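Peer 1: My questions will all concern the structure given below.
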Amino acid sequence: MADFRSPIDSPVPSLALQMPQSSPLQHRRDFSGSITLDDPAQLRRASGDAAAQEGALTDARLGDGTAAPDEALALPATDPSVLKLVDEVLASEQGIPSLLQRLKQSIASAKEFGTFLKKRAGLEEDNAQTLKKLARATQDNIRRPEHRGGSFGQVYEEMVHIHERMADNGIHFAATLLQMNEELLEAAGSAERNRKSWKATGLAAEQKVVDLEVAMRKSKAKYDSLAEEYDRARTGESRPGGGKVLGAFKAHKSAAQQEEELLKKVQTADQMYHSAVTSLQTEKAQLQNTTRPELVKSLQEAIREIDSAVGMQMQKFALNNENLLLGNGLVISPFRNSTSIGPNQPRSMRFAVASININKDLDDFLASFHSKVQPNTGEIKYERNPVLGPQPGAMGHSSLPAASHASKPSVSQAAPSGGFQQSPQSFSVASRTGPSNFNGPPAGAPGPQGPPATSTPTNAEPPKSFHQSNHSRTFSQGNMLNSPVSPQPQYGSVGPVSGGPRFPNGGPAITGPPQLGALAFQENEGPSEKSSSPPQLGLPYQPPGPSAPPAYSGPPALNTAAGSKPVFGVHLGRLYERDGLAVPMVVYQCIQAVDLFGLGVEGIYRQSGSMNHINRLKSMFDSESQAQALDFRNPENFFHDVNSVTGLLKQFFRDLPDPLFTTEHHSSFINAAKHEDEIVRRDNLHAIINSLPDPNYATLRALMLHLHRVIDNSHINRMNSHNLAVILGPTLMGTDPSTAITDAGWQIKVIDTILVNTYQIFDED
């Protein structure tokens, strides 16, 4: 039997890539530059040195004495009995079809592995490009003046540079995988074209032999049948079964003629049968000796070629994966040459982070402002001009203020306890442009009527002057002297500064919101304006004195007056008149809770909280008088559910009788949103916002600055300005059933524009 195995059937050496085995004594590493995937030899040297340092490369052996996994493994030889079976299959008519089927499998496997490499390259490319963009954006951000500098900035830049080099490694890895995919597809395409040609040639030769064999069998059957009939005609025997002799229907022919005719037919059939056998023998010999061995050899070579290509690409894929991980590892934590440690050698990420000196950074930052410190000119003293006469005596100079202070009740301005002290920087009421000091109403004019305000007098002395906030609007709405809303106090006060109007002769005090002339920021009132009796407050009057303890130190929005003070469903102006807070306490606490615990929560303001929790919190704000239970700096007070806090805040704005943006200005906001030009749209919205009432403006400002902080963390919480505008648009602007559908899109545009331009519309401080 011919040996159909090609010469390459002999044991093939392993395609495994031999990693160079280098001893740590042969060379030393010097990582003074970056290590990337562009130098696989350098990576392999680094890999060998790293394993040598761990003591696991050169002496590693398995328990049975075999080589470590890093060493090349010898492939086992094929069993001789299996080789004999292979020769028999290849010599048969199943040889070519079986090899064609096997080649088809190899081509499909090559294409599938190429597809895998292409998809993996796409993932690596996307990841590397995204990482590179992030590194560049971060590098631009940390170089801005508002970012920290010093050792922190230096280490931050090192970390970003490390990520950029890792991205370069990923890009190179992806490019290598794409090149491997192209090579595999080229090999698979070539093998597929050759397979089609071999299939046509081989199967045609096999089919021709089969057809000749069928024709030979037919001619043999005909030849045997005629020979049998001739023999019966010659001997005169009848057919088996009692039939008549051949030619019974041809009575005109004699027996000799019939015998001669049958003899001629037999001789013709014999020649045809002999010719068929000869043709079959020739074609079969050609097939077995030439065509089939050549095709078998070609198919085997093609199969081994495509399989070798796939195996080699898998080896390269494994090596490139090792190089990628090793390269990234050496970028993050490079090896140091202990003999020549210098500043130019790259530091590991952990070592770099450990070198941050926060105290030195702070000291250096503060020291940089020393040049701006004004020189000390000594103690400031009052020097009276001699033209005005001699300076009055000390007693006469100090008696008037003492008497003035003795006749005025002091109003508590102590800072609230617990977590309810509101930052004046974040929630101070914006002042309008115009005169910063207002005179009181004309003498004898009654103050605006309203419910009695409650505050607690303490021994604290009232402030000497009213603190004007540095937040200003572009223009003001009306005259504050005509506004029924009392002036806006600073946050941090216990309650609104209240007191009756002053009567020269000690007349009765009128309860209600204070007039501007009765507020504590008015200084040096004349003697005729002093009241002979203390103002009527919600709590008993306590005269000022160093020994009088403060009567109340609770949160600013929760006074200890008896009875419930509903918050939900109450007009913002009414809340301000009652509580003296431009931003309601419920809004402040909700903003504080989200700033502390919700900026990193995915879907904040989109996720719905528990209605049970929201209703309980709503009830507490409407009726609860204990300040500690409403301190949202403690997550236990809102059941550790920040989504319920956002739900409570949205419920507060939905329950307002007049929306935050007010019904009066609703159409103006919608018309402003319809401007195509972004600058014009922003400026028009800015002008309308400046015309809002003071409580609405202050609450809107606090809310928008808070939502902008949410947007700053949109890469974590997935809430950008448009998402927040979609959720809060109808809540903040209100809905009119007749125009709800047409105005919905413009409401979103209004909120989105304000959020995008928050720092252009509102002062950040």
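In terms of UniProt numbering, the sequence shown has 537 at position 537, counting the first letter as 1, and numbering is strictly consecutive. The beta-carbon is built from N, C-alpha and C at its ideal position, and this holds for glycine as well. Bear in mind that the values here come from a model prediction, so they are computed numbers and not experimental data.
Less than 8 Å between the C-beta atoms of residue 748 and residue 729, yes or no?
Peer 2: Contact: yes.
Peer 1: Is it true that the CB of residue 364 sits closer than 8 Å to the CB of residue 150?
Peer 2: Against a cut-off of 8 Å, the Cβ pair of residue 364 and residue 150 comes out as a contact.
Peer 1: Compute the Euclidean distance between the alpha carbons of residue 310 and residue 352, then round it to the nearest angstrom.
Peer 2: Going by the C-alpha atoms only, they are around 43 Å apart.
Peer 1: Between residue 692 and residue 665, which are expected to be in contact by the criterion C-beta below 8 Å, what is the C-beta distance as a whole number of angstroms?
Peer 2: Contact flag correct, Cβ pair sits at about 7 Å.
Peer 1: With a threshold of 8 Å, are at least 3 pairs of Cβ atoms found where one atom belongs to the segment 630-648 and the other to the segment 589-600?
Peer 2: Touching, yes, given that three or more Cβ pairs across the two stretches are closer than 8 Å.
Peer 1: Measuring alpha carbon to alpha carbon, tell me which residue in 568, 577, 651 and 131 is nearest residue 623.
Peer 2: When only C-alpha atoms are compared, the closest one is 568.
Peer 1: Select from 197, 714, 657 and 175 the residue whose C-alpha is nearest the C-alpha of residue 599.
Peer 2: If we check each option's Cα against that of residue 599, 714 comes out closest.
Peer 1: Quick one: using the 10 Å Cβ neighbour count with 16 as the cut-off for buried, is residue 95 buried or exposed?
Peer 2: By the 10 Å Cβ count, residue 95 comes out buried.
Peer 1: Report yes if the CB atom of residue 206 is closer than 8 Å to the CB atom of residue 93, and no otherwise.
Peer 2: Contact flag set, yes.
Peer 1: For residue 147, does the three-state DSSP call read helix, strand or coil?
Peer 2: If DSSP states are grouped into helix, strand and coil, residue 147 belongs with coil.
Peer 1: May I ask you to report which of helix, strand or coil DSSP gives residue 324?
Peer 2: Helix.
Peer 1: Whole angstroms are fine: how far does the CA of residue 317 sit from the CA of residue 121?
Peer 2: If you take the alpha carbons of residue 121 and residue 317, they lie about 11 Å apart.
Peer 1: Quick check on this structure: which residue in 323, 224, 347 and 199 has the alpha carbon closest to the alpha carbon of residue 294?
Peer 2: Minimum Cα distance to residue 294 is reached at 199.
Peer 1: For the alpha helix (DSSP H) holding residue 358, just list the boundary residues, first then last.
Peer 2: Residue 358 -> alpha helix (DSSP H) spans 358-367.
Peer 1: On the three-state DSSP scale, how would you describe residue 679?
Peer 2: Of the three classes helix, strand and coil, the one that applies to residue 679 here is helix, per DSSP.
Peer 1: DSSP three-state label for residue 666, please.
Peer 2: Reduced to three states, the DSSP call for residue 666 is helix.
Peer 1: Let's test the definition: count the other Cβ atoms within 10 Å of the Cβ of residue 499 and tell me whether it reaches 16, buried, or not, exposed.
Peer 2: With a pLDDT of only 37 at residue 499, under the threshold of 50, the placement of this residue in the model should not be trusted; the figure read from the coordinates follows. It counts as buried.
Peer 1: Short of 7 Å in beta carbon distance, which residues of its chain neighbour residue 731, apart from the five on each side in sequence? Order them along the chain.
Peer 2: Within the same chain, residue 731 has close Cβ partners 650, 653 and 654.
Peer 1: Measure from the alpha carbon of residue 717 to the alpha carbon of each residue in 612, 667, 379 and 604, then state which is nearest.
Peer 2: Checked all of 612, 667, 379 and 604; the closest Cα to residue 717 is 604.
Peer 1: Determine the contact status of residue 583 and residue 740, defining contact as a CB-CB distance below 8 Å.
Peer 2: The answer is no: Cβ separation not under 8 Å.
Peer 1: Count the CB pairs spanning the segment 669-689 and the segment 628-640 that are closer than 8 Å, and state whether there are at least three.
Peer 2: At 8 Å Cβ cutoff, the stretches do not touch.
Peer 1: Would you say residue 203 and residue 230 are within 8 Å of each other, going by their C-beta atoms?
Peer 2: Cβ distance not < 8 Å, so residue 203 and residue 230 don't count as in contact.
Peer 1: Go to residue 766, then tell me how far its alpha helix (DSSP H) extends in each direction, as first and last residue.
Peer 2: The structure shown does not extend to residue 766, since the chain is modelled only from 1 through 765, so no value can be given for it.
Peer 1: By how many angstroms is the C-alpha of residue 609 removed from the C-alpha of residue 615?
Peer 2: Approximately 11 Å, taken between the alpha carbons.
Peer 1: Smallest Cα separation from residue 272: which of 237, 215, 323 and 305?
Peer 2: Per the Cα distances, 215.
Peer 1: Quick one: which unbroken beta strand (DSSP E) runs of 3-plus residues sit fully inside the segment 68-109? Chain order, please.
Peer 2: Entirely contained in the segment 68-109, not one beta strand (DSSP E) run reaches 3 residues.
Peer 1: Assuming residue 226 contacts residue 266 (C-beta within less than 8 Å), just tell me the rounded distance between them.
Peer 2: With 8 Å as the limit, residue 226 and residue 266 qualify as a contact, their Cβ atoms being about 5 Å apart.
Peer 1: Tell me, please, whether the segment 96-105 touches the segment 279-297 by the rule of three or more beta-carbon pairs shorter than 8 Å.
Peer 2: With the cut-off at 8 Å, the segment 96-105 and the segment 279-297 touch.
Peer 1: Does the contact criterion of 3 or more C-beta pairs under 8 Å hold for the segment 175-191 versus the segment 111-118?
Peer 2: Short answer: they touch.
Peer 1: Does the distance from the CB of residue 166 to the CB of residue 134 come in under 8 Å?
Peer 2: Taking 8 Å as the Cβ cut-off, residue 166 and residue 134 do not qualify as a contacting pair.
Peer 1: Helix, strand or coil for residue 632? Go by DSSP, reduced to three states.
Peer 2: Reduced to three states, the DSSP call for residue 632 is coil.
Peer 1: Given residue 668, which residues of its chain have a CB within under 6 Å of its CB, disregarding the five upstream and five downstream residues?
Peer 2: Closer than 6 Å at Cβ, skipping near neighbours: 688.
Peer 1: When you compare only the Cα positions, how much space is there between residue 661 and residue 136?
Peer 2: Going by the C-alpha atoms only, they are around 40 Å apart.
Peer 1: Which first and last residues belong to the alpha helix (DSSP H) in which residue 726 is found?
Peer 2: It spans 721-733 - the alpha helix (DSSP H) in which residue 726 sits, taken as one unbroken run.
Peer 1: Do residue 685 and residue 753 have their C-beta atoms closer together than 8 Å?
Peer 2: Yes; because the gap between Cβ atoms is below 8 Å, this pair is in contact.
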